Structures are given as C-alpha cells and as structure tokens.
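Working notes for the structure below.
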Amino acid sequence: MEKRSMDQQRIILHLDMDSFYASVEMRENPEIKGKPVVIGADPKNGTGRGVVSTCSYEARAFGIRSAMPISQAFVLCPHAVFLPPQFPRYAKASAEVMAILKSHNLPFQQVSIDEAFLDVSTLKSYSEATDLAVRIKNDIRTQLGLTGSIGIAPTKVVAKIASDVNKPDGLTVVSPENLHSFLAPMPVRKIPGVGRKAEAELFEMGIRTIKDLAEYDIQVLIARFGRSAISLQTIISGIDDDIVEERDTVKSVSRETTFLKDTTDEQVIAATIDALVRDVCRNLSDESLRCRTVTIKVRYHGFVTKTKAKTLLHYTDDEKTVRSCSHSLMRDIFDGCPVRLLGIRLSTFEKRDARQMILKL
Ligand SMILES: [Mg+2]
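Quick note, in our numbering, the sequence shown goes up one by one and the last residue is 375.
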C-alpha cells in the first residue's frame, strides 16, 4: 500500500454518534438508562410485524441488531424497553450535535443524522487534531448528555473506518505513519459499503483483510466488480481526493405525469407508477441520497387532487421498496374515478457518501 505525500497533509475528522436514537431516548427518559432499549415497530408480545430501527449497546449484547424483525428481537430479549421512533426528537438532537461541530468554522459535511466530517487540516498536526476531538467529545457530553466516537485520518474513508473501531465513546487517530498497519489487518467488511454479500464474494476469492484486497490482481477485481474496484483499491491505500464540503440539501425529488386522456385503466396506472418510481429513484441515486417518505399524488377528472404519504422506518434507495410502497398508497386512494395526473415524491433524506456505494452488489 503506497502513500502519497499530498494526502499526508490532510487531516480529516469523522464523528459518529453512539446508538444515536437509543441514546437520545435514554437522555429524555433517565429511568431507561443502562437498559436494553429497542427503537422500532411495536413487538406486540412477539407477534408484531416490522423491524428494529436501532438499539442500545445493552440490547446489542442480547444479539439484537438494526433491521432485524421486531418479533425476533422480542424473543432475544422480551424484557427490553421497546419504543416507537420519535424522529422530530432525533432531528433536534442532531441539529445540536452539528452546531457544536460547525462552531469551529472548519470545512464541514454532514453525511447522515448522526454522522459528519470536519476537515481539520489547518490545525497542521495530528496532536492538535486530537486535542480538538477531545474538546468536541467533551462538549457533546456536557452540553448534550450524549456520546460520540471520533476517527481522525488522512482521508474521509479511513476517518470513517477509524470512528467505528472503538465504539462507544471512542477516539481513534490514524496518522499517515500508522495508516498501513491500521488498515492492513482490517476485515474487508469494515470498508464502508462492503456489505454481507460483497464480503461473502470477497471471501470466496480468498480476500479477508484490506491487505488481501490491496494486493489482489486489480484486473481480476475489475472483471468481478467493475471499474469501481480501482477506486476501492486507491481508497484503501489511503489515496482519496474526496473533499469535505457541505453538499446542497435537496428537499424533495418528484416526478409527475399528466395523461393525454383521463384513465381508469389499472394497468396503465400501474405501469405509469412504475415509470415514475424508476425516474425518482434514479434521481435519488444521482444525488447520493436515501429517503424515508414516499408521497403519491392523484389528480382526478375535474382537478380534485388527493395525496397520501407513507414514512418508512428505514432510509432506502431501493427501487423495489419505493415501488411497492407507491402501489400500496395508490390502492389506498384510488377511488375508480378517471385519473388525470399521477405524481410520486420522495422526501426526508439522508445524505450518503457516494464512496459508500462502491461495492454495493
Ligand atoms: Mg451512529
């Protein structure tokens, strides 16, 4: 793994809050502090449908994980505190955390509700950057009663990996001199964007660690994963020119279409919804976003307009999920009258670092 002098001058700080939703809930209800807390669907004594949105470290000790069916979480820990998500509460806490980061007037980029980068290169040294990280963690603890983990490294990707290795309440500093020894033994799963599926495929190729991946024949990787394998190898070599910058906030992504002739034909309506969903989802991925709210708009003959929205428990950029949600909304509001216009709108976004999608298979 080679290093490049330009990258050694950059110092990037990544903050990731610890079990954010659960910690905010514990702050609001001190009596649940230290208990296994599961945020998500109502478990209904084990018969509930839906999934775990997030959970506290105490709940993780029972094997509970995000996106697990809530009924399974109930089996693993029936005495856990199960709470419905309160997104306005988390958004407010998020704004408080981000205000602390922004107060240092350094290049800032929020990447999700509880994650952000700061470019601290102007501090010149890793020890100065570490002092700042300690100060930020302290401010978050004393002013907000929450904890976060920080990674400091020469690039965004490595800073993100670093913030994850000592959770909760961690502070991990990877200086350019330590970059190689830090990354080499790391399991490939630690690379942002390498999920279970990509991990399994890499294992099959005999690639278990970042070192294995970095040393693998790039031509073979390209044949298997496409051109993105090149950026993957550069990123894990500590070469990454991705800069910290505030990206434009997109409030919503929408598409609508007016029929030439009002229609009640359910096949035409369904095919139109599919086409609209395809368009908005493409737009979503162009913007590197994931959404949580899907809204359908139907204008009937005579300009009577109805809309209906559904907010999902998880952020998604999955076309299939958006499509099935749109069809179910349509079933709810379609009254059989001739339709003049159909529209789909996606909102409530989470920014995602485009780099995170590199090995999404
Ligand atoms: Mg987090």
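Ideal Cβ positions, reconstructed from N, Cα and C, are used throughout, including at glycine.
Please read all numbers here as calculations on a predicted model, not as lab measurements.
- Message: Quick check: the region 202 to 214 against the region 148 to 157, are at least 3 beta-carbon pairs closer than 8 angstroms?
- Response: no
- Query: Taking 7 angstroms as the line, does the beta carbon of M40 fall inside it for any heavy atom of ligand 1?
  - Reply: As a position in the sequence shown, residue 40 is number 26, starting the count at 1. For ligand 1, not one heavy atom lies less than 7 angstroms from the Cβ of M40.
message: Looking at ligand 1, does it come within less than 7 angstroms of M31, judged from the CB to the closest heavy atom?
response: Numbered from 1 along the sequence shown, position 17 holds the residue referred to as residue 31. Flag set: Cβ of M31 near ligand 1.
task: Take every Cβ of the region 77 to 97, pair it with every Cβ of the region 136 to 151, and state whether three or more of those distances are shorter than 8 angstroms.
output: no
- Under 7 angstroms from any heavy atom of ligand 1, does the C-beta of F363 make it? In the sequence shown, counting from the first residue as 1, residue 363 sits at position 349. Not under cutoff, so the answer is no.
Going by other Cβ atoms of all chains shown within 10 Å of its Cβ, with 16 needed for buried, is S251 buried or exposed? Residue 251 sits at position 237 when you count from the first residue of the sequence shown. Classification of S251: buried, given that the 10 Å Cβ count is 16 or more.
In whole angstroms, what separates the C-alpha of D30 from that of I84? Within the sequence shown, residue 30 is the residue found at index 16, counting from 1. Within the sequence shown, residue 84 is the residue found at index 70, counting from 1. Rounded to whole angstroms, D30 to I84 spans 25 angstroms at the Cα level.
**Study point:** Nearest-angstrom Cα separation, counted from Q124 out to M112
**Key:** For the purposes of this step, residue 112 is identified with residue 98 of the sequence shown, where counting begins at 1. For the purposes of this step, residue 124 is identified with residue 110 of the sequence shown, where counting begins at 1. Approximately 8 angstroms, taken between the alpha carbons.
| query | Looking at T169 and S177, is the spacing between their C-beta atoms short of 8 angstroms? | reply | As a working mapping, residue 177 is identified with position 163 in the sequence shown. As a working mapping, residue 169 is identified with position 155 in the sequence shown. Contact flag unset, no.
- Query: Which class does M20 belong to by DSSP, given the choice of helix, strand or coil?
  - Reply: In the sequence shown, residue 20 corresponds to position 6, counting from 1. Model confidence at M20 stands at a pLDDT of 46, short of 50, so the residue's coordinates are unreliable; what they give is reported in the following sentence. Correct three-state label for M20: helix.
>> Spatial neighbours of T325 within its chain, please: C-beta separation below 6 angstroms, excluding the five flanking residues on both sides.
In response: Locating residue 325 in the sequence shown gives position 311, counting from the first residue. Excluding positions up to five away in sequence, the list reads R306 and T307.
Buried or exposed for E72, please, with buried defined as at least 16 other CB atoms from any protein chain shown within 10 angstroms of its CB. Position 58 of the sequence shown, counted from the first residue, corresponds to residue 72. By the neighbour-count rule (16 or more Cβ atoms within 10 Å), E72 is buried.
Practice task
Answer yes or no: the CB of D128 versus the heavy atoms of ligand 1, is any distance below 7 angstroms?
Solution key: For the purposes of this step, residue 128 is taken as residue 114 along the sequence shown, with counting starting at 1. For ligand 1, at least one heavy atom lies less than 7 angstroms from the Cβ of D128.
Buried or exposed, going by whether 16 or more other CB atoms sit within 10 Å of the CB of T309?
Along the sequence shown, one-based indexing puts residue 309 at 295. Buried: at least 16 other Cβ atoms inside 10 Å.
Please give me, in chain order, every unbroken run of the alpha helix (DSSP H) with length at least 4 that falls completely inside the region 50 to 81.
71 to 74
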